[in-house]
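Asker: Numbering-wise (UniProt numbering), the sequence shown opens with residue 1 and increments by one.
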Amino acid sequence: MIPLPTPFSQIPRYPLLYATPSPIHPLPSLTRTLLQTPYTTPTTNKNNKNINITLHLKREDHASPLTSSGNKYRKLEYLIPDILSPTPKYGSLAPGPDHGTLTSTTASPEEEQLKLHDHHKQKKDSVTLVTEGALQSNHTIQVTSIANHLNLPQPVIILHKATGGGYAQVPDKSLFERTGNVQVAKLLGADVRVLDDSATVSTSTPTNKDEDQDQDGVHTIFTTLQSENKHPYWIPSGASLHPLGGLGYARCAFEIAYQETQPQPQPQPGAAPNLGRMDYIFVACGSGSTHGGLIAGLKLLERHEQKDTSTARPRPPRKVIGVLTSPTRPRSYHENRVLQFARQAGRLIGIEDVEREITMEDVHVDERFAGTAYGEVDDATGDMVRLMAREEAVLLDPVYTGKVARGMVHWVREGEVGRDWVARGGGEGDGVGVNVLMVHTGGQSALSAYADVV
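If you want it as structure tokens, here you go:
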């Protein structure tokens, strides 16, 4: 790994992932299908400006040994030290404290792990994790998994809304209520509760930090748990509204940069020996902190790379494109939210003037593939899930990664990558080519719930 600079390297983290990075591998069959050209031959498609484009996949669904590996484990690694702390800074329903400093200027990583172990012994007998998500939520499964991994005695309380997440679309409601991630949650021992929509309170202000909290139901549960001395700890949807929620993918940016210098995992004839730089990164934009964290991490990474003058020709900065997975809110709402999360993570990892260094120009959100509703599967997304399975033997999910793959494929097939690359100063037909990366955030454990629509 590329060493993280301070203060980023000093922020406590509890490892949940494998010791090696989650794999990045090419998608040669899909690349050939899209571009109709041999793998190493520059395309003649005028829209792509004679640029050789190669597709890759980062397998966050293979990142952790825990249940249903996906992007939330990276986020939760940075939450666990606070969860296990005798005096957590976060986790209440009230707005969190100022960020202050999360760093330890004197303790080594080994000493931090010993502290976490001691905190674990003190705290685990009382803490109760409370979280929320749609009925087929991947996030809630991963929160429940870490509770089991940490041997927390209290079951995780999962709060689901009565509708949403594809429930309205599926013909067999009872099947949807007992398969996929619902079944996994029960196997893990979660305390699953469905909130009545009439009892929930959601604000409509885009910048309100409590927007995703079902206030009435959650406050009642918190009051009860506190009276029972069970110390509830609140993890909002996707961990995005948690002040530490963007750190995992800020770190992931450094992991990707390290992998770019490593040998090709599946070398193709005539291909470069190393993986090469990932020029475009496509990721799901749901709750927003995966997208925002990557933006912050790449900004910090650029400082590191500016010190390296060995590159013969500078390339345009990497571009992160968040593909919206829900049409409920306008694109501007999500752009503001991602910017907020990127700046929040940026402050913590050591970017001094985040308002100047991270701006709306860094936030790219594509709303064209969100479909009709969150969790509902449109025909084009279903087709993409099947295409990836048959071309690359890779399973996607219909809620997030199926839509992201649609976005990536569209950008390549319609020449948007090529035009954007040249417009930003990239070389045309320079023999280097452009690498396009999609982040696979997991979610396959929900597939069985969508058996009638995929």
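Built from N, CA and C at the ideal position, the CB exists for glycine as well. Since the model is a prediction, treat every value here as computed from it, not as a measurement.
Rounded to whole angstroms, what's the CA-CA distance from Leu187 to Thr359? Just pull it up for me.
Answerer: The sequence position of residue 187 within the sequence shown is 187, counting from 1. The sequence position of residue 359 within the sequence shown is 359, counting from 1. For Leu187 and Thr359, the distance between alpha carbons rounds to 43 Å.
Asker: Determine the closest residue to Pro232 out of Pro267, Ala250, Ile83, Gly133, with distance taken between C-alpha atoms.
Answerer: Looking up residue 232 in the sequence shown gives position 232. If we check each option's Cα against that of Pro232, Ile83 comes out closest.
Asker: Considering only the alpha carbon of each residue, which of Ala423, Thr31, Ala257, Glu335 lies closest to Glu405?
Answerer: The residue labelled residue 405 in the question sits at position 405 within the sequence shown. According to the sequence provided, residue 405 is Ala. The question's Glu does not apply to it. Of Ala423, Thr31, Ala257, Glu335, the residue nearest in Cα terms is Thr31.
Asker: If we ignore side chains and look at the alpha-carbon of each, how far apart do Thr205 and Cys285 end up?
Answerer: As a first step, residue 205 must be located in the sequence shown, where it is residue number 205. As a first step, residue 285 must be located in the sequence shown, where it is residue number 285. For Thr205, the pLDDT reaches just 36, beneath the cut-off of 50, and the residue's location in the model is therefore unreliable, although a value from the coordinates is still provided. Their backbone Cα atoms lie some 19 Å apart in a straight line.
Asker: Comparing alpha-carbon positions, which option in Arg386, Arg390, Ala393, Gly415 lies nearest Gly402?
Answerer: Working through the sequence shown from its first residue, we reach residue 402 at position 402. Residue Arg386 is the option with its Cα nearest to Gly402.
Asker: Among Val127, Asp61, Ser69, which one has its Cα closest to the Cα of Gly91?
Answerer: Walking along the sequence shown from the start, residue 91 turns up at place 91. Among Val127, Asp61, Ser69, the Cα nearest to that of Gly91 belongs to Val127.
Asker: By DSSP, does Gly442 sit in helix, in strand, or in coil?
Answerer: Here the question's residue 442 lines up with position 442 in the sequence shown. Here Gly442 sits in coil by DSSP.
Asker: Around the C-beta of Gln226, are 16 or more other C-beta atoms found within 10 angstroms, so that it is buried, or is it exposed?
Answerer: Translated into the one-based positions of the sequence shown, residue 226 becomes position 226. Gln226 is exposed by the Cβ-count criterion.
Asker: Between which two residues does the alpha helix (DSSP H) containing His139 stretch?
Answerer: What you label residue 139 is simply residue 139 of the sequence shown in a count that begins at 1. Start and end: 138-149.
Asker: Measuring alpha carbon to alpha carbon, tell me which residue in Ala250, Glu177, Ile51, Leu241 is nearest Arg74.
Answerer: Residue 74 sits at position 74 when you count from the first residue of the sequence shown. When only C-alpha atoms are compared, the closest one is Ala250.
Asker: What did DSSP end up calling Glu132 once you bin it into helix, strand or coil?
Answerer: On the sequence shown, position 132 is the one that residue 132 refers to. DSSP places Glu132 in strand when its eight states are reduced to three.
Asker: Grab the span of the beta strand (DSSP E) containing Arg356 for me, first residue to last.
Answerer: For the purposes of this step, residue 356 is identified with residue 356 of the sequence shown, where counting begins at 1. Segment 354-357 is the alpha helix (DSSP H) holding Arg356; no beta strand (DSSP E) there.
Asker: Is the separation between the beta-carbon of Glu441 and that of Asn71 shorter than 8 Å?
Answerer: In the sequence shown, residue 441 corresponds to position 441, counting from 1. In the sequence shown, residue 71 corresponds to position 71, counting from 1. Correcting the residue identity first, residue 441 is Thr in this sequence and not Glu. Yes, the Cβ-Cβ distance between Thr441 and Asn71 is below 8 Å.
Asker: Is the beta carbon of Ile351 within less than 7 Å of some heavy atom of the ligand COA?
Answerer: The ligand content of the structure shown is nil, which means the ligand COA is not present either.
Asker: Within 10 Å of its beta-carbon, does Lys299 have 16 or more other beta-carbons around it, so buried, or fewer, so exposed?
Answerer: Residue mapping note: residue 299 aligns to position 299 of the sequence shown, counting from 1. Label assigned to Lys299: buried.
Asker: Lys209 to Pro263, Cα distance in whole Å?
Answerer: Start at 1 with the first residue of the sequence shown, and residue 209 comes out as number 209. Start at 1 with the first residue of the sequence shown, and residue 263 comes out as number 263. Its pLDDT being 43, under 50, Lys209 is placed unreliably in this model, and the coordinates cannot settle the point.
Asker: Considering only C-alpha positions, which residue in the set Gly297, Asp366, Gln259 is nearest to Ala253?
Answerer: As a working note, residue 253 is residue 253 in the sequence shown. Of the listed residues, the one whose Cα sits closest to Ala253 is Gly297.
Asker: Which value, in whole angstroms, describes the spacing of the CA atoms of Ala370 and Met384?
Answerer: Residue numbering aside, residue 370 sits at position 370 when the sequence shown is read from its first letter. Residue numbering aside, residue 384 sits at position 384 when the sequence shown is read from its first letter. C-alpha separation (whole angstroms): 13 Å.
Asker: For His62 versus Leu27, is the C-beta distance shorter than 8 Å?
Answerer: In the sequence shown, counting from the first residue as 1, residue 62 sits at position 62. In the sequence shown, counting from the first residue as 1, residue 27 sits at position 27. Not in contact: His62 and Leu27 (Cβ atoms no closer than 8 Å).
Asker: What whole-angstrom Cβ distance do Ile24 and Leu275 have, given they're in contact under 8 Å?
Answerer: Taking the first residue of the sequence shown as position 1, residue 24 is located at position 24. Taking the first residue of the sequence shown as position 1, residue 275 is located at position 275. Their Cβ separation, rounded to whole angstroms, is 6 Å, which keeps Ile24 and Leu275 in contact under 8 Å.
Asker: Shortest alpha-carbon distance to Gly293 belongs to which of His219, Ala342, Val412, Glu414?
Answerer: Locating residue 293 in the sequence shown gives position 293, counting from the first residue. Nearest of His219, Ala342, Val412, Glu414 to Gly293, Cα basis: Ala342.
Asker: Measuring straight from C-alpha to C-alpha, what distance separates Phe176 and Tyr374?
Answerer: In the sequence shown, counting from the first residue as 1, residue 176 sits at position 176. In the sequence shown, counting from the first residue as 1, residue 374 sits at position 374. So the two alpha carbons sit approximately 15 Å from each other.
Asker: Among residues of its own chain, excluding the 5 on either side of Leu66, which ones have a beta-carbon nearer than 8 Å to its beta-carbon?
Answerer: One-based indexing of the sequence shown puts residue 66 at position 66. Excluding sequence neighbours, Leu66 sits near Leu16, Tyr73, Gln142, Ser145, Ile146, His149.
Asker: In three-state terms, what does DSSP make of Asn50?
Answerer: Stepping through the sequence shown from its first residue, residue 50 is reached at position 50. Coil at Asn50, not helix or strand.
Asker: Shortest alpha-carbon distance to Gln340 belongs to which of Trp411, Ile295, Ile80, Val192?
Answerer: As a first step, residue 340 is located in the sequence shown; it is residue number 340 there, counting from the start. It is Ile295 whose Cα lies nearest to the Cα of Gln340.
Asker: What beta strand (DSSP E) runs, 3 residues minimum, are completely inside the segment 211-265?
Answerer: Listed in chain order, they are 232-235.
Asker: Would Leu247 and Ala134 qualify as a contact pair, given that the criterion is a beta-carbon distance under 8 Å?
Answerer: Here the question's residue 247 lines up with position 247 in the sequence shown. Here the question's residue 134 lines up with position 134 in the sequence shown. No, the Cβ-Cβ distance between Leu247 and Ala134 is not below 8 Å.
Asker: Compute the Euclidean distance between the alpha carbons of Gly288 and Glu228, then round it to the nearest angstrom.
Answerer: Within the sequence shown, the letter at position 288 stands for residue 288. Within the sequence shown, the letter at position 228 stands for residue 228. About 34 Å.
Asker: Between which two residues does the beta strand (DSSP E) carrying Val194 extend?
Answerer: The sequence position of residue 194 within the sequence shown is 194, counting from 1. Per DSSP, Val194 belongs to the beta strand (DSSP E) from 191-195.
Asker: Measuring only the C-alpha atoms, how far is Thr325 from Leu447?
Answerer: As a position in the sequence shown, residue 325 is number 325, starting the count at 1. As a position in the sequence shown, residue 447 is number 447, starting the count at 1. Cα-Cα distance, rounded: 16 Å.
Asker: So the alpha helix (DSSP H) Leu35 belongs to, where does it begin and stop?
Answerer: On the sequence shown, position 35 is the one that residue 35 refers to. Its alpha helix (DSSP H) spans residues 28-35.
Asker: If we count the other Cβ atoms within 10 Å of its Cβ and call it buried at 16 or more, is Asp172 buried or exposed?
Answerer: Start at 1 with the first residue of the sequence shown, and residue 172 comes out as number 172. Exposed: under 16 other Cβ atoms inside 10 Å.
Asker: Compute the beta-carbon to beta-carbon distance between Thr54 and Asn435, rounded to the nearest angstrom, for a pair I have assumed lies under 8 Å.
Answerer: The residue given as residue 54 occupies position 54 in the sequence shown. The residue given as residue 435 occupies position 435 in the sequence shown. Between Asn435 and Thr54 the Cβ distance is about 6 Å, and since that is below 8 Å, they are a contact.
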